[in-house]
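To keep things clear, I will list the structure first and then write my remarks on it.
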Amino acid sequence: MIYLLLSILSSTIIFVVFRLYKKFGVNTLQAIIVNYFVACTVGFFGYIDGSDFSHVPSENWFPGALMLGALFITVFNLAAITTQKSGLSVVAVATKMSVAIPVFCGIFLYNESTGILKIIGILLALVAVYLTSIKTKDGISIKAKNLIFPLLVFIGSGIIDTSLKYLETSYVSSTDVGLFSSTIFATAGSIGIMVLAFQALKGSLKITYKNILGGIALGIPNYYSIYFLVMALRSNGMESSTIFTINHVAIVTVSTLTGILIFKEKLIPKNWIGLALAVISIILVANSAI
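Numbering-wise, my numbering comes out as the position in the sequence shown, counting from 1, plus 2.
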């Protein structure tokens with residue numbers, strides 16, 4: 003449970019950092035790319051014994067780590083496009099409701115439990131995520147021609163969580179969690195460098211210190227959000243469908259409350275209903291695991 007709580011805390015800090023980007027005018031793409039290398043460095047120097055990384059490409063989990071790294075930055079760019087075309091609420095809903103994918107995979111592929119409390123809790127969690135994420139009384143509106151982008155964000159985010167569970171279960175040893183996590187971030191960062199190189203060739207690249215600092219501030223909690231999530235999945239106390247549900251809903255809940263307390267955000271009635279349902283869903287899903 004402690005690893006799950008630490009993952010939720012780390013993800014909430016990520017939310018705060020992203021909010022500060024807007025306040026200080028940080029270039030999100032540049033900061034994200036710097037963040038990947040910072041996260042990779044945290045793993046290499048903090049959680050890996052020895053300095054010989056030559057064996058990494060021969061590890062069974064290496065192809066999966068490369069895939070996840072590519073997905074990380076791809077989903078981020080899709081989320082940015084979705085934000086531009088349909089708004090932040092659509093991205094929030096697509097990202098958080100993607101929890102349905104790893105939850106159902108856990109139930110059907112790993113034969114995890116499906117008690118009545120758990121099923122009700124999962125359904126309430128999905129409703130809670132939607133109600134908490136929307137910021138207008140009319141809900142969300144997506145033009146038909148733009149529907150593909152949030153759909154890809156939904157699928158991509160779900161594949162990331164599902165792949166983490168699969169690789170952790172099948173290939174990653176307890177001593178390789180740090181190296182596995184760092185390899186994911188190194189891959190995403192390397193792809194990001196290619197994006198920046200393309201921008202440089204076009205003459206549109208301008209790197210500033212605040213973008214670098216923003217990446218450092220994001221990279222540390224970002225590494226721990228993945229590291230602690232993988233460690234939580236390795237624990238024997240809860241099934242993956244339970245962990246993913248609690249993790250996603252708790253992040254939405256704590257981030258929303260943080261937004262109220264720190265950034266003085268105003269919530270509409272739907273958001274408050276969503277928060278109440280989120281708390282109920284966490285209680286139901288957690289109790290189903292006892």
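Heads up, the beta-carbon is just placed ideally off N, CA and C, and yes, glycines get one too.
For this session: Look up W274 in the DSSP assignment and say whether it is helix, strand or coil.
Result: helix
For this session: Would you mind sorting P104 into buried or exposed? The rule is 16 or more other CB atoms within 10 Å of its CB.
Result: So P104 ends up on the buried side.
Problem set entry | Inside the segment 19-86 only - beta strand (DSSP E) runs reaching at least 3 residues | none
For this session: Within the same chain, show all residues whose beta-carbon is closer than 6 Å to that of G267, passing over the 5 residues directly before and after it, in chain order.
Result: Residue identity differs from the one stated: residue 267 is Glu in this sequence, not Gly. Excluding positions up to five away in sequence, the list reads G261.
For this session: Counting only the same chain and skipping the five closest in sequence on each side, list residues whose C-beta sits under 7 Å from that of L119.
Result: L286, N289 and S290
Exercise. Counting along the chain, where does the alpha helix (DSSP H) carrying D163 start and finish?
Worked result: I150 to S172
Exercise. Candidates T30, R21 and T14: which alpha carbon is nearest L207's?
Worked result: T30
Exercise. Do you know offhand how far K212's Cα is from V28's?
Worked result: 6 Å
Problem set entry | Meets three-Cβ-pair contact criterion under 8 Å: the segment 57-73 and the segment 245-259 | no
Problem set entry | the segment 16-26 / the segment 197-207 touching (three or more Cβ pairs under 8 Å) | no
Problem set entry | Backbone secondary structure at I142 - three-state DSSP | coil
For this session: Locate the alpha helix (DSSP H) running through V92, then write down its first and last residues.
Result: L90 to M99
Exercise. Can Y132 and V95 be called in contact, C-beta distance under 7 Å?
Worked result: yes
Exercise. When the Cα atoms are used, what is the spatial distance from I218 to I144?
Worked result: 34 Å
Exercise. Taking buried to mean at least 16 other C-beta atoms within 10 Å of its own C-beta, is I222 buried or exposed?
Worked result: buried
Exercise. Nearest to I228 by CA position, among K87, N238 and G180, is which residue?
Worked result: G180
Exercise. Looking at T247 and A127, is the spacing between their C-beta atoms short of 7 Å?
Worked result: yes
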